[in-house]
Amino acid sequence: MAARFCGVLALLTVFLSGLNASRPAVNQELSNIFNELWRLDVNRMTPVTDYTISVQGRAGFVNQGSNVVQDHASQPLFSNVNENKLKNITTVSRFMKLLDNYERSIGMSERVTTEELTETSLFLDAVLETDVMKRAHKYLVSKGQSSSNLGLFKSQLHLIWFKLYHRQRNTGLDSSGFEHVFVGETKSGTEIIGFHNWIQFYLQEKSTHLDYKGYKARERDIPDQDDHVLNLQFSWHGTVKPVGSAFIGTSPEFEMALFTIVFLMNTERSTTVLVNIDQCQMELVVIRHGRSLGNPYPKLLSSNNRHVRQYSH
């Protein structure tokens, strides 16, 4: 089965009623650049060949903050991942070294060692060498949002993704955009926030810290093994995330490029852009924290070109 960017209607748009109702306009310019980045993502893993997922059952409703959940997936989500390939992709191998650099709970100050600073710098160096980020950089320079100087652009990425800030009041510097999105955090021991990365999901699942509970989708939509976006329910260190979206198989640089562009092309505290990428339509949501990322995530609206068929007649 040919790999496609997404194959399940994961999150629904708010129902628009009334004669004057109209759907938001697709941002065609961003759709175009994001599809370029999608095609350039040579470090994307191939379903079945490089990894195998088993979506199993549809997850039930769970209140935020509740740790009582019925398990609709007796097996892990990832039944197989080609770890040799992962470790031989420079951006991914350097990405994985960053995942143990953070305190899981917000409110606990982060302590950054010299070794961790070096790991972050080497990861950004690898990201900047990819065609995905080179194209994103070129686009941002053309829009006057980034300097053409590579060193200044690296500093800009560091500020956006890795600068520590206060996520919880009256505490030390306890969070960053990278930690929130790619590593995941917990709040008050009862809530998982962030955690939108498939590699971290796989590694935590493998180490038995994470238990996949099932997929989230409408009744008629069943995801399959080559979907590149999934809505998931899971527990992590005993805390439940009722629903969380994640790209599956994509490279860290692809996800960073998408959200960096949305972040820099807008100034609102919370930005939502509607884009078409490959066969799906999604909202990319970016919540900023000053000059850094607070909470970026994808919000899938339709897949398998359903949005094209729906509005073509």
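If you count by mature numbering (1 follows the signal peptide of the UniProt record, and there is no 0), then the sequence shown holds residues -21 to -1, 1 to 292, one letter each, in order. From the three backbone atoms N, C-alpha and C, an ideal C-beta is built for every residue, glycine too.
I'd like to know whether the C-beta atoms of VAL41 and VAL34 end up nearer to each other than 8 Å. no
Could you check what DSSP says for LEU272 in three-state terms: helix, strand or coil? strand
If we call anything under 8 Å between Cβ atoms a contact, is TRP215 one with LEU237? no
Reducing DSSP to helix, strand and coil, say where GLN49 ends up. coil
Hey, LEU211 and GLY228 are a contact pair by Cβ (cut 8 Å); roughly how many whole angstroms apart? That belief does not hold up - the Cβ atoms of LEU211 and GLY228 are roughly 14 Å apart, past 8 Å.
Looking at LEU16: is its Cβ nearer than 8 Å to the Cβ of VAL111? yes
Which class does GLU108 belong to by DSSP, given the choice of helix, strand or coil? coil
Given a cut-off of 8 Å, decide if PHE161 and PHE141 are closer than it, judged by their beta-carbon atoms. no
Please list, in chain order, all residues of the same chain as PHE74 whose beta carbon is under 8 Å from its beta carbon, the five residues on each side excluded. Correct list, in chain order: PHE102, PHE161, ILE178, PRO231.
Rounded to a whole number of angstroms, what is the C-alpha to C-alpha distance between HIS159 and PHE174? Here the alpha carbons of PHE174 and HIS159 stand approximately 6 Å from one another.
What are the start and end residues of each continuous alpha helix (DSSP H) run of 4 or more residues lying completely inside the region 58 to 141, in chain order? 62 to 67, 69 to 77, 93 to 107, 110 to 121, 129 to 140
Taking the runs of the beta strand (DSSP E) that are 3 residues or longer, which of them lie wholly in the region 219 to 280? 249 to 256, 259 to 268
Spell out the partners DSSP gives THR165 in its beta bridges. According to DSSP, which records beta bridges pairwise, THR165 is partnered with SER84, ILE171.
Would you kindly report the start and end of the unbroken alpha helix (DSSP H) that includes TYR30? That residue, TYR30, is in no alpha helix (DSSP H); its beta strand (DSSP E) goes 30 to 32.
For LYS113 and SER72, I'd like the C-alpha separation in whole angstroms. 19 Å
Is TYR181 closer than 8 Å to VAL60 when the C-beta atoms are compared? Remark: C-beta atoms of VAL60 and TYR181 approach each other more closely than 8 Å.
Assuming THR70 and ALA105 make a contact with CB atoms under 8 Å, what is their CB distance in whole Å? Yes, THR70 and ALA105 are in contact; Cβ-Cβ is about 5 Å, under 8 Å.
Terminal residues of the alpha helix (DSSP H) in which LYS195 lies: Taken as a continuous stretch (DSSP letters only), LYS195 belongs to no alpha helix (DSSP H), as it is neither H nor E.
Taking the continuous alpha helix (DSSP H) assigned at LEU16, which residues delimit it? Run containing LEU16: 7 to 19, per the alpha helix (DSSP H) assignment.
Residue range of the alpha helix (DSSP H) that includes PHE180: 177 to 185
Excluding sequence positions up to five away, which residues of its chain have a Cβ less than 7 Å from the Cβ of GLN43? Contacts found: GLU170, PRO221.
I'd like to confirm the pairing. Which residues does DSSP put opposite GLN212 in its beta bridges? GLY193
Just confirm the distance between the C-beta atoms of residue 324 and LEU272, as a whole number of angstroms; I'd bet it's less than 8 Å. What is shown of the chain runs -21 to 292, which leaves residue 324 out entirely.
Which whole-angstrom value is the C-beta distance of PHE233 and ILE139, which I expect to be below 8 Å? Contact doesn't hold; Cβ gap of about 16 Å is too wide.
Separation of LYS195 from VAL91, as counted between CA atoms: If you draw a straight line from the Cα of VAL91 to the Cα of LYS195, it is about 36 Å long.
When SER45, SER186, SER53 are compared against ASP79, the one with the closest alpha-carbon: SER186
Do you know offhand how far LEU152's Cα is from ARG146's? 8 Å
Below 6 Å CB to CB, which residues in the same chain sit around LEU143 once its five sequence neighbours on both sides are set aside? GLU89, LEU152, SER155
Considering only residues of the same chain and omitting the five flanking positions on each side of GLY168, which have a CB-CB separation below 8 Å? SER84, THR218
If we ignore side chains and look at the alpha-carbon of each, how far apart do PRO277 and MET87 end up? 27 Å
Could you pull out every residue in the same chain whose Cβ sits closer than 6 Å to the Cβ of VAL264, ignoring the five residues on either side in sequence? THR251, TYR276, LYS278
What do you reckon, is the C-beta of GLU262 under 7 Å from a heavy atom of the ligand GTP? This structure does not include the ligand GTP; it has no bound ligands of any sort.
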